[in-house]
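Under full-length UniProt numbering, the letters of the sequence shown match residues 1 to 470, in that order. Where is the CB? At the ideal position from N, CA and C, for every residue including glycine.
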Amino acid sequence: MKKVIPVIMCGGAGTRVWPASRETMPKQFIALLGERSTFQNTLLRLNAEAFDAPVIVTNHDYRFLVEEQMAQVGISGQIVLEPERRDSAAAVAIACEIAAARAPDAVVAVFAADHAVQKVDAFQALCLKAAEAAALGHIVTLGIAPTGPATGYGYIRPGAVAVAAAGVAKVEAFVEKPDAATAQKYIEQGYLWNSGNFFFRADVMRDELAAFEPEIAAAAAEAFARAKTDLGFLALDKEAFAKAPKTSIDYAVMERTSHAAVIPADIGWSDVGTWQAVWELSDKDDHGNAIRGHGVVVGGENCYIRADDTLTAVLGVNDVIVVATDDAVLVVGAQYGDKVKDLVDELKRRKRKEAREHRRVYRPWGYYQSIDGGERHQVKRIVVKPGHKLSLQKHFHRAEHWIVVRGAAEVTRDAETVMVHENESIYLPIGSVHRLVNPGKIDLELIEVQTGSYLGEDDIVRIEDVYHRA
1 MKKVIPVIMC
11 GGAGTRVWPA
21 SRETMPKQFI
31 ALLGERSTFQ
41 NTLLRLNAEA
51 FDAPVIVTNH
61 DYRFLVEEQM
71 AQVGISGQIV
81 LEPERRDSAA
91 AVAIACEIAA
101 ARAPDAVVAV
111 FAADHAVQKV
121 DAFQALCLKA
131 AEAAALGHIV
141 TLGIAPTGPA
151 TGYGYIRPGA
161 VAVAAAGVAK
171 VEAFVEKPDA
181 ATAQKYIEQG
191 YLWNSGNFFF
201 RADVMRDELA
211 AFEPEIAAAA
221 AEAFARAKTD
231 LGFLALDKEA
241 FAKAPKTSID
251 YAVMERTSHA
261 AVIPADIGWS
271 DVGTWQAVWE
281 LSDKDDHGNA
291 IRGHGVVVGG
301 ENCYIRADDT
311 LTAVLGVNDV
321 IVVATDDAVL
331 VVGAQYGDKV
341 KDLVDELKRR
351 KRKEAREHRR
361 VYRPWGYYQS
371 IDGGERHQVK
381 RIVVKPGHKL
391 SLQKHFHRAE
401 HWIVVRGAAE
411 VTRDAETVMV
421 HENESIYLPI
431 GSVHRLVNPG
441 KIDLELIEVQ
451 TGSYLGEDDI
461 VRIEDVYHRA
(Lines of atoms letter the chains of each structure in order from A and count residues from 1; the text may use other names and numbers.)
(Lines give C-alpha, C1' and ligand atoms only; values in the text may rest on other atoms or scores of the structure.)
Protein backbone atom coordinates (compact mmCIF):
# COMPACT_ATOMS: atom_id res chain seq x y z
CA MET A 1 0.00 0.00 0.00
CA LYS A 2 1.15 3.56 -0.76
CA LYS A 3 2.11 5.77 2.14
CA VAL A 4 -0.70 7.68 3.79
CA ILE A 5 -0.62 11.47 3.42
CA PRO A 6 -1.14 12.92 6.92
CA VAL A 7 -2.83 16.33 7.02
CA ILE A 8 -2.67 18.26 10.29
CA MET A 9 -5.23 21.01 10.92
CA CYS A 10 -3.41 23.74 12.78
CA GLY A 11 -5.54 26.88 12.83
CA GLY A 12 -7.73 26.83 15.96
CA ALA A 13 -7.67 29.28 18.88
CA GLY A 14 -8.33 26.99 21.91
CA THR A 15 -10.09 29.58 24.08
CA ARG A 16 -11.22 27.04 26.72
CA VAL A 17 -7.66 26.83 28.02
CA TRP A 18 -7.23 30.58 28.38
CA PRO A 19 -5.13 32.36 29.66
CA ALA A 20 -2.33 30.05 28.52
CA SER A 21 -3.92 29.75 25.07
CA ARG A 22 -4.79 32.92 23.17
CA GLU A 23 -5.24 33.81 19.54
CA THR A 24 -1.63 34.99 19.16
CA MET A 25 -0.32 31.73 20.71
CA PRO A 26 -3.04 29.05 20.70
CA LYS A 27 -2.97 25.79 22.60
CA GLN A 28 -1.55 23.60 19.81
CA PHE A 29 1.76 25.48 20.13
CA ILE A 30 1.91 25.36 23.95
CA ALA A 31 3.50 22.66 26.12
CA LEU A 32 0.32 21.84 28.03
CA LEU A 33 1.58 18.32 28.83
CA GLY A 34 5.28 17.56 29.06
CA GLU A 35 7.97 19.59 27.32
CA ARG A 36 6.61 19.62 23.77
CA SER A 37 3.51 21.22 22.29
CA THR A 38 0.55 19.09 21.22
CA PHE A 39 1.37 20.02 17.60
CA GLN A 40 4.91 18.68 18.00
CA ASN A 41 3.63 15.49 19.62
CA THR A 42 1.20 15.05 16.73
CA LEU A 43 4.08 15.39 14.26
CA LEU A 44 6.10 12.78 16.14
CA ARG A 45 3.18 10.31 16.29
CA LEU A 46 2.88 10.52 12.51
CA ASN A 47 6.60 10.19 11.92
CA ALA A 48 6.22 6.47 11.15
CA GLU A 49 6.87 4.20 8.19
CA ALA A 50 3.23 4.16 7.05
CA PHE A 51 3.04 7.94 6.68
CA ASP A 52 4.40 10.31 4.05
CA ALA A 53 5.74 13.77 4.97
CA PRO A 54 2.98 15.79 6.68
CA VAL A 55 0.88 18.53 5.15
CA ILE A 56 0.08 21.30 7.65
CA VAL A 57 -2.97 23.47 7.01
CA THR A 58 -2.68 26.71 8.97
CA ASN A 59 -2.95 30.47 8.42
CA HIS A 60 -0.63 33.41 7.81
CA ASP A 61 -0.47 34.36 11.49
CA TYR A 62 0.86 30.96 12.57
CA ARG A 63 3.07 30.07 9.58
CA PHE A 64 6.40 30.87 11.23
CA LEU A 65 5.37 29.22 14.51
CA VAL A 66 4.54 26.06 12.55
CA GLU A 67 7.84 26.21 10.69
CA GLU A 68 9.87 26.77 13.86
CA GLN A 69 8.17 24.02 15.89
CA MET A 70 8.60 21.55 13.03
CA ALA A 71 12.32 22.38 12.88
CA GLN A 72 12.64 21.86 16.65
CA VAL A 73 11.56 18.21 16.30
CA GLY A 74 13.43 17.65 13.03
CA ILE A 75 10.38 17.08 10.82
CA SER A 76 9.79 18.75 7.46
CA GLY A 77 6.65 18.90 5.35
CA GLN A 78 4.41 21.14 3.26
CA ILE A 79 2.84 24.14 5.01
CA VAL A 80 -0.37 25.39 3.39
CA LEU A 81 -1.78 28.80 4.30
CA GLU A 82 -5.50 29.50 4.43
CA PRO A 83 -6.27 33.20 3.78
CA GLU A 84 -9.07 33.06 6.36
CA ARG A 85 -10.77 30.50 8.59
CA ARG A 86 -13.52 28.62 6.77
CA ASP A 87 -13.84 25.66 9.20
CA SER A 88 -12.83 22.05 8.60
CA ALA A 89 -14.81 21.23 5.43
CA ALA A 90 -12.83 23.71 3.33
CA ALA A 91 -9.57 22.49 4.88
CA VAL A 92 -10.43 18.87 4.04
CA ALA A 93 -11.32 19.94 0.51
CA ILE A 94 -7.89 21.52 0.16
CA ALA A 95 -6.29 18.32 1.50
CA CYS A 96 -8.10 16.42 -1.25
CA GLU A 97 -6.74 18.74 -3.91
CA ILE A 98 -3.18 18.41 -2.63
CA ALA A 99 -3.37 14.62 -2.43
CA ALA A 100 -5.15 14.21 -5.76
CA ALA A 101 -2.41 16.22 -7.44
CA ARG A 102 -0.04 13.41 -6.41
CA ALA A 103 -2.44 10.53 -7.12
CA PRO A 104 -6.28 10.56 -7.29
CA ASP A 105 -6.52 7.40 -5.19
CA ALA A 106 -4.04 8.60 -2.55
CA VAL A 107 -5.16 7.85 1.03
CA VAL A 108 -5.38 10.92 3.23
CA ALA A 109 -5.54 11.02 7.03
CA VAL A 110 -6.74 14.20 8.73
CA PHE A 111 -5.74 15.00 12.32
CA ALA A 112 -6.16 17.93 14.69
CA ALA A 113 -2.95 19.56 15.91
CA ASP A 114 -4.15 19.95 19.51
CA HIS A 115 -5.13 16.41 20.53
CA ALA A 116 -3.25 14.10 22.90
CA VAL A 117 -2.73 10.35 22.45
CA GLN A 118 -1.14 8.35 25.26
CA LYS A 119 -1.01 4.92 23.55
CA VAL A 120 1.04 5.76 20.49
CA ASP A 121 1.68 2.17 19.33
CA ALA A 122 -2.03 1.35 19.45
CA PHE A 123 -2.81 4.57 17.61
CA GLN A 124 -0.36 3.78 14.80
CA ALA A 125 -1.72 0.24 14.44
CA LEU A 126 -5.29 1.52 14.15
CA CYS A 127 -4.16 4.10 11.59
CA LEU A 128 -2.92 1.26 9.39
CA LYS A 129 -6.26 -0.53 9.67
CA ALA A 130 -8.15 2.68 8.93
CA ALA A 131 -5.96 3.40 5.91
CA GLU A 132 -6.59 -0.08 4.50
CA ALA A 133 -10.34 0.43 4.81
CA ALA A 134 -10.06 3.91 3.28
CA ALA A 135 -8.20 2.46 0.30
CA LEU A 136 -11.28 0.35 -0.40
CA GLY A 137 -13.48 3.46 -0.61
CA HIS A 138 -14.67 3.95 2.98
CA ILE A 139 -14.41 7.24 4.88
CA VAL A 140 -13.14 6.03 8.23
CA THR A 141 -13.06 7.75 11.58
CA LEU A 142 -11.51 6.64 14.86
CA GLY A 143 -14.31 6.34 17.41
CA ILE A 144 -12.99 6.71 20.93
CA ALA A 145 -14.10 4.26 23.59
CA PRO A 146 -15.76 6.56 26.19
CA THR A 147 -14.28 6.80 29.66
CA GLY A 148 -17.39 8.53 31.02
CA PRO A 149 -20.60 10.34 30.00
CA ALA A 150 -18.86 13.38 28.53
CA THR A 151 -21.08 16.16 27.24
CA GLY A 152 -18.39 17.98 25.28
CA TYR A 153 -18.06 15.47 22.42
CA GLY A 154 -20.24 14.35 19.56
CA TYR A 155 -21.07 10.63 19.54
CA ILE A 156 -21.09 7.90 16.87
CA ARG A 157 -23.49 4.96 16.74
CA PRO A 158 -21.63 2.08 15.10
CA GLY A 159 -23.60 -0.43 13.10
CA ALA A 160 -23.52 -4.19 13.46
CA VAL A 161 -22.29 -4.74 9.91
CA ALA A 162 -18.52 -5.03 9.53
CA VAL A 163 -16.93 -3.46 6.46
CA ALA A 164 -13.49 -3.93 4.90
CA ALA A 165 -12.04 -5.86 7.85
CA ALA A 166 -12.80 -7.07 11.34
CA GLY A 167 -13.16 -4.20 13.76
CA VAL A 168 -14.32 -1.71 11.11
CA ALA A 169 -18.06 -1.02 11.29
CA LYS A 170 -20.48 0.98 9.22
CA VAL A 171 -21.60 4.21 10.90
CA GLU A 172 -25.31 4.26 11.58
CA ALA A 173 -25.46 7.83 12.90
CA PHE A 174 -23.50 10.83 14.11
CA VAL A 175 -25.21 12.60 17.00
CA GLU A 176 -24.62 16.03 18.53
CA LYS A 177 -23.20 16.75 21.97
CA PRO A 178 -25.74 15.36 24.50
CA ASP A 179 -26.68 16.25 28.05
CA ALA A 180 -25.29 14.06 30.85
CA ALA A 181 -28.27 11.70 31.04
CA THR A 182 -28.32 11.14 27.29
CA ALA A 183 -24.56 10.64 27.25
CA GLN A 184 -24.91 7.88 29.85
CA LYS A 185 -27.52 6.15 27.67
CA TYR A 186 -25.23 6.43 24.66
CA ILE A 187 -22.41 4.71 26.55
CA GLU A 188 -24.73 1.89 27.64
CA GLN A 189 -25.78 1.45 24.00
CA GLY A 190 -22.21 1.18 22.75
CA TYR A 191 -21.78 4.64 21.22
CA LEU A 192 -18.29 6.07 20.67
CA TRP A 193 -16.86 9.56 20.92
CA ASN A 194 -16.22 11.32 17.63
CA SER A 195 -12.47 12.04 17.63
CA GLY A 196 -12.46 14.16 14.46
CA ASN A 197 -9.75 12.00 12.84
CA PHE A 198 -10.66 10.89 9.32
CA PHE A 199 -9.13 8.58 6.69
CA PHE A 200 -10.28 8.64 3.07
CA ARG A 201 -9.22 8.29 -0.51
CA ALA A 202 -8.79 11.70 -2.16
CA ASP A 203 -11.12 10.88 -5.05
CA VAL A 204 -13.84 9.51 -2.75
CA MET A 205 -13.91 12.59 -0.51
CA ARG A 206 -13.76 14.92 -3.52
CA ASP A 207 -16.80 13.22 -5.01
CA GLU A 208 -18.73 13.47 -1.73
CA LEU A 209 -17.89 17.14 -1.32
CA ALA A 210 -18.91 17.82 -4.91
CA ALA A 211 -22.23 16.05 -4.31
CA PHE A 212 -23.11 17.56 -0.92
CA GLU A 213 -21.22 20.89 -0.88
CA PRO A 214 -20.37 21.84 -4.48
CA GLU A 215 -19.50 25.43 -3.52
CA ILE A 216 -16.83 24.21 -1.09
CA ALA A 217 -15.42 21.75 -3.62
CA ALA A 218 -15.26 24.38 -6.36
CA ALA A 219 -13.74 27.04 -4.08
CA ALA A 220 -11.04 24.65 -2.87
CA ALA A 221 -10.17 23.54 -6.40
CA GLU A 222 -9.85 27.14 -7.58
CA ALA A 223 -7.93 28.28 -4.49
CA PHE A 224 -5.44 25.44 -4.93
CA ALA A 225 -5.08 25.94 -8.70
CA ARG A 226 -4.33 29.64 -8.15
CA ALA A 227 -2.10 29.14 -5.09
CA LYS A 228 1.35 30.70 -5.03
CA THR A 229 4.55 29.83 -3.19
CA ASP A 230 5.56 32.53 -0.70
CA LEU A 231 8.78 32.11 1.33
CA GLY A 232 8.42 28.34 0.97
CA PHE A 233 4.75 28.29 2.09
CA LEU A 234 1.88 27.40 -0.26
CA ALA A 235 -0.49 30.39 -0.03
CA LEU A 236 -4.02 29.60 -1.24
CA ASP A 237 -5.77 32.19 -3.38
CA LYS A 238 -7.69 34.55 -1.11
CA GLU A 239 -10.54 35.48 -3.44
CA ALA A 240 -11.27 31.88 -4.43
CA PHE A 241 -11.00 30.47 -0.90
CA ALA A 242 -13.44 33.07 0.47
CA LYS A 243 -16.18 31.56 -1.72
CA ALA A 244 -16.25 28.39 0.41
CA PRO A 245 -19.19 28.31 2.86
CA LYS A 246 -18.06 28.01 6.47
CA THR A 247 -19.01 24.60 7.87
CA SER A 248 -17.45 21.53 9.47
CA ILE A 249 -16.62 18.31 7.64
CA ASP A 250 -19.06 16.53 9.98
CA TYR A 251 -22.00 18.59 8.73
CA ALA A 252 -20.75 18.79 5.15
CA VAL A 253 -20.06 15.09 4.54
CA MET A 254 -19.84 12.70 7.47
CA GLU A 255 -23.48 13.02 8.57
CA ARG A 256 -24.68 12.56 4.98
CA THR A 257 -22.36 10.09 3.28
CA SER A 258 -23.08 6.38 2.84
CA HIS A 259 -19.35 5.63 2.97
CA ALA A 260 -18.82 6.41 6.68
CA ALA A 261 -17.14 3.73 8.78
CA VAL A 262 -15.71 3.67 12.29
CA ILE A 263 -13.00 1.82 14.19
CA PRO A 264 -13.31 1.67 18.00
CA ALA A 265 -10.11 3.14 19.40
CA ASP A 266 -8.74 2.68 22.91
CA ILE A 267 -5.68 4.91 22.49
CA GLY A 268 -5.70 7.23 25.51
CA TRP A 269 -7.14 10.04 23.41
CA SER A 270 -8.13 13.51 24.55
CA ASP A 271 -8.83 16.73 22.69
CA VAL A 272 -7.26 18.55 25.69
CA GLY A 273 -10.16 20.94 25.35
CA THR A 274 -10.44 22.14 28.97
CA TRP A 275 -8.22 22.62 32.00
CA GLN A 276 -10.05 19.69 33.59
CA ALA A 277 -8.79 17.52 30.70
CA VAL A 278 -5.27 18.81 31.28
CA TRP A 279 -5.57 17.89 34.97
CA GLU A 280 -6.79 14.40 34.07
CA LEU A 281 -3.75 13.80 31.83
CA SER A 282 -1.21 15.30 34.24
CA ASP A 283 0.88 13.57 36.90
CA LYS A 284 -0.62 14.08 40.36
CA ASP A 285 0.53 13.91 43.97
CA ASP A 286 -1.05 11.72 46.66
CA HIS A 287 -3.88 14.25 47.07
CA GLY A 288 -4.77 14.38 43.38
CA ASN A 289 -3.11 17.75 42.83
CA ALA A 290 -1.34 18.45 39.53
CA ILE A 291 1.16 21.31 39.66
CA ARG A 292 3.16 22.82 36.83
CA GLY A 293 5.69 25.53 37.56
CA HIS A 294 5.71 27.62 40.74
CA GLY A 295 2.61 26.29 42.47
CA VAL A 296 1.97 25.15 46.04
CA VAL A 297 -1.19 23.49 47.41
CA VAL A 298 -1.78 23.05 51.15
CA GLY A 299 -4.92 21.41 52.55
CA GLY A 300 -6.51 20.91 49.14
CA GLU A 301 -7.29 18.01 46.85
CA ASN A 302 -7.82 17.46 43.12
CA CYS A 303 -6.48 20.89 42.16
CA TYR A 304 -4.67 21.93 39.00
CA ILE A 305 -2.14 24.76 39.35
CA ARG A 306 -0.15 26.20 36.44
CA ALA A 307 2.16 29.09 37.28
CA ASP A 308 5.04 29.55 34.87
CA ASP A 309 6.53 32.70 36.43
CA THR A 310 4.67 33.73 39.59
CA LEU A 311 4.53 31.81 42.87
CA THR A 312 0.91 30.72 43.19
CA ALA A 313 -0.24 29.32 46.54
CA VAL A 314 -3.60 27.62 47.14
CA LEU A 315 -4.84 26.88 50.66
CA GLY A 316 -7.77 24.81 51.88
CA VAL A 317 -9.78 24.39 48.67
CA ASN A 318 -10.63 21.35 46.57
CA ASP A 319 -11.41 20.83 42.88
CA VAL A 320 -10.13 24.20 41.74
CA ILE A 321 -8.12 25.24 38.69
CA VAL A 322 -5.68 28.14 38.97
CA VAL A 323 -3.69 29.31 35.93
CA ALA A 324 -1.38 32.28 36.42
CA THR A 325 0.42 34.01 33.56
CA ASP A 326 2.37 37.26 33.66
CA ASP A 327 -0.72 39.35 32.86
CA ALA A 328 -3.78 37.29 33.86
CA VAL A 329 -4.95 34.82 36.52
CA LEU A 330 -7.79 32.35 36.06
CA VAL A 331 -9.50 30.75 39.07
CA VAL A 332 -12.31 28.36 38.20
CA GLY A 333 -14.12 25.46 39.80
CA ALA A 334 -13.21 22.24 38.00
CA GLN A 335 -16.85 21.58 37.08
CA TYR A 336 -17.02 24.91 35.21
CA GLY A 337 -14.00 24.30 32.99
CA ASP A 338 -16.08 24.13 29.81
CA LYS A 339 -17.39 27.66 30.54
CA VAL A 340 -14.02 29.38 30.15
CA LYS A 341 -14.88 30.19 26.53
CA ASP A 342 -17.86 32.22 27.80
CA LEU A 343 -15.51 34.14 30.08
CA VAL A 344 -13.17 34.89 27.17
CA ASP A 345 -16.12 36.11 25.09
CA GLU A 346 -17.02 38.50 27.91
CA LEU A 347 -13.42 39.77 28.07
CA LYS A 348 -13.52 40.39 24.32
CA ARG A 349 -16.79 42.27 24.72
CA ARG A 350 -15.04 44.47 27.27
CA LYS A 351 -12.20 44.96 24.76
CA ARG A 352 -9.57 43.45 27.07
CA LYS A 353 -6.49 42.75 24.98
CA GLU A 354 -5.58 39.92 27.37
CA ALA A 355 -8.41 37.93 25.82
CA ARG A 356 -6.54 37.74 22.49
CA GLU A 357 -2.85 38.26 23.03
CA HIS A 358 -0.04 37.60 25.48
CA ARG A 359 2.47 40.15 26.61
CA ARG A 360 4.95 38.11 24.58
CA VAL A 361 4.08 38.43 20.89
CA TYR A 362 5.85 36.20 18.38
CA ARG A 363 7.08 37.50 15.04
CA PRO A 364 8.92 35.78 12.15
CA TRP A 365 12.20 37.23 13.42
CA GLY A 366 11.72 36.36 17.12
CA TYR A 367 9.45 38.03 19.67
CA TYR A 368 8.81 41.11 21.77
CA GLN A 369 7.41 41.27 25.29
CA SER A 370 5.81 44.24 27.03
CA ILE A 371 7.48 45.10 30.33
CA ASP A 372 5.96 48.42 31.38
CA GLY A 373 3.78 51.15 29.96
CA GLY A 374 2.07 54.45 30.62
CA GLU A 375 0.13 57.13 28.80
CA ARG A 376 3.14 58.31 26.78
CA HIS A 377 5.72 55.55 27.22
CA GLN A 378 6.13 51.81 26.69
CA VAL A 379 9.00 49.46 27.50
CA LYS A 380 9.57 46.20 25.61
CA ARG A 381 12.07 43.38 25.59
CA ILE A 382 12.93 42.39 22.00
CA VAL A 383 14.65 39.14 20.98
CA VAL A 384 15.85 38.69 17.39
CA LYS A 385 17.03 35.27 16.17
CA PRO A 386 20.47 34.95 14.54
CA GLY A 387 20.48 36.05 10.91
CA HIS A 388 17.03 37.63 11.08
CA LYS A 389 15.97 41.22 10.53
CA LEU A 390 13.00 43.44 11.24
CA SER A 391 11.30 45.40 8.46
CA LEU A 392 12.66 48.72 7.22
CA GLN A 393 10.09 51.01 8.86
CA LYS A 394 9.17 54.33 10.37
CA HIS A 395 6.68 55.70 12.90
CA PHE A 396 4.63 58.88 12.84
CA HIS A 397 3.90 59.20 16.55
CA ARG A 398 6.74 57.69 18.55
CA ALA A 399 10.48 57.79 19.07
CA GLU A 400 12.46 54.74 20.21
CA HIS A 401 15.55 54.18 22.30
CA TRP A 402 17.27 50.77 21.97
CA ILE A 403 19.66 49.39 24.61
CA VAL A 404 21.44 46.16 23.68
CA VAL A 405 21.77 43.71 26.58
CA ARG A 406 22.99 40.63 24.68
CA GLY A 407 24.56 40.10 21.27
CA ALA A 408 25.20 42.72 18.63
CA ALA A 409 22.76 44.81 16.58
CA GLU A 410 23.23 46.19 13.11
CA VAL A 411 21.00 49.28 13.02
CA THR A 412 20.02 51.24 9.95
CA ARG A 413 18.98 54.82 10.81
CA ASP A 414 18.12 56.90 7.79
CA ALA A 415 21.32 57.07 5.70
CA GLU A 416 23.69 55.49 8.24
CA THR A 417 24.34 51.93 9.46
CA VAL A 418 25.64 51.52 13.01
CA MET A 419 26.84 48.50 15.01
CA VAL A 420 25.50 48.57 18.56
CA HIS A 421 27.04 46.14 21.07
CA GLU A 422 26.18 45.03 24.61
CA ASN A 423 25.69 47.91 27.05
CA GLU A 424 25.45 50.38 24.16
CA SER A 425 22.35 52.22 22.93
CA ILE A 426 20.97 54.15 19.99
CA TYR A 427 18.19 56.74 19.63
CA LEU A 428 15.64 56.66 16.78
CA PRO A 429 13.73 59.98 16.41
CA ILE A 430 10.11 60.17 15.28
CA GLY A 431 9.91 59.69 11.52
CA SER A 432 13.37 58.18 11.09
CA VAL A 433 13.58 55.24 8.70
CA HIS A 434 15.18 52.38 10.60
CA ARG A 435 15.84 48.65 10.64
CA LEU A 436 17.26 46.18 13.16
CA VAL A 437 19.37 43.18 12.08
CA ASN A 438 21.00 40.41 14.11
CA PRO A 439 24.22 39.59 12.20
CA GLY A 440 25.56 37.34 14.96
CA LYS A 441 25.40 33.68 15.97
CA ILE A 442 23.41 34.11 19.19
CA ASP A 443 20.07 35.72 20.01
CA LEU A 444 20.07 39.50 20.05
CA GLU A 445 18.29 40.90 23.10
CA LEU A 446 17.53 44.55 23.64
CA ILE A 447 15.31 46.83 25.68
CA GLU A 448 13.18 49.22 23.68
CA VAL A 449 11.81 52.39 25.29
CA GLN A 450 9.07 54.07 23.25
CA THR A 451 7.86 57.62 23.90
CA GLY A 452 5.20 59.55 22.04
CA SER A 453 1.55 60.48 21.67
CA TYR A 454 0.45 57.12 20.23
CA LEU A 455 2.15 53.77 20.89
CA GLY A 456 -0.07 51.27 19.07
CA GLU A 457 1.41 48.49 16.93
CA ASP A 458 -0.44 49.88 13.91
CA ASP A 459 1.84 52.94 13.90
CA ILE A 460 4.31 51.05 11.71
CA VAL A 461 4.90 51.94 8.08
CA ARG A 462 6.80 49.02 6.56
CA ILE A 463 8.87 50.18 3.60
CA GLU A 464 10.60 46.86 2.96
CA ASP A 465 10.22 43.46 4.60
CA VAL A 466 11.85 40.08 3.96
CA TYR A 467 8.71 38.38 5.31
CA HIS A 468 6.49 40.06 2.70
CA ARG A 469 4.50 42.10 5.24
CA ALA A 470 5.24 45.49 3.62
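query	result
Closest residue to Asn423 among Arg413, Asp414 and Ala409 (Cα-Cα distance)	Ala409
Close-in-space but distant-in-sequence residues of the same chain around Asn318 (CB under 8 Å, 5 per side omitted)	Gly300, Glu301, Asn302 and Cys303
Ala113 in three-state terms, based on DSSP	coil
Rounded Cβ spacing between Ala355 and Val344 (contact assumed at less than 8 Å)	5 Å
C-beta contact flag for Phe396 and Gly374 at 8 Å	no
C-alpha gap between Val420 and Leu436, whole angstroms	10 Å
Cβ neighbours of Glu445 in the same chain (closer than 6 Å, five flanking residues each side left out)	Val383, Val405 and Arg406
Spatial distance of Lys238 from Ile94 (CA atoms)	13 Å
Helix, strand or coil at Pro439 [DSSP, three-state]	coil
Inter-residue spacing [alpha-carbon to alpha-carbon] between Ala324 and Glu448	26 Å
Rounded Cβ spacing between Gln28 and Thr38 (contact assumed at less than 8 Å)	5 Å
Within 8 Å, strictly: CB atoms of Arg359 and Thr451	no
Cα-Cα separation between Ile187 and Ala150, rounded to whole angstroms	10 Å
Gly316 classed as buried or exposed, judged by whether at least 16 other C-beta atoms fall within 10 angstroms	exposed
Inter-stretch contact at 8 Å, needing at least 3 Cβ pairs: the segment 249-268 / the segment 156-172	yes
Whole-angstrom C-beta distance between Gly154 and Lys177, which should lie under 8 Å	6 Å
Rounded separation between Ile442 and Leu281 - CA only	36 Å
Where the beta strand (DSSP E) containing Leu428 begins and where it ends	Ser425 to Leu428
Between the CA atoms of Ala242 and Val314 - distance to the nearest angstrom	48 Å
Start and end residues, alpha helix (DSSP H) containing Ser88	Asp87 to Arg102
Backbone secondary structure at Phe396 - three-state DSSP	coil
Assigned secondary structure, Arg36 (DSSP; H/G/I helix, E/B strand, else coil)	coil
Per-residue DSSP class, three states only, for Gly366	strand
Contact set for residue 471: own chain, Cβ-Cβ below 7 Å, skip 5 residues either direction	This structure cannot settle anything about residue 471, because the visible part of the chain is limited to 1 through 470.
CB of His60 within 8 Å of CB of Val272, strictly	no
Option nearest Val110 by Cα separation, candidates Leu455, Met9, Thr412 and Ala133	Met9
Rounded straight-line distance, which links the Cα of Val73 to that of Lys2	25 Å
Local conformation of Leu390 per DSSP, three classes	coil
Environment of Gly387 [buried if 16+ CB atoms lie within 10 Å]	exposed
For residue 481, three-class secondary structure by DSSP	Here the chain covers residues 1 to 470 and nothing more, so residue 481 does not appear.
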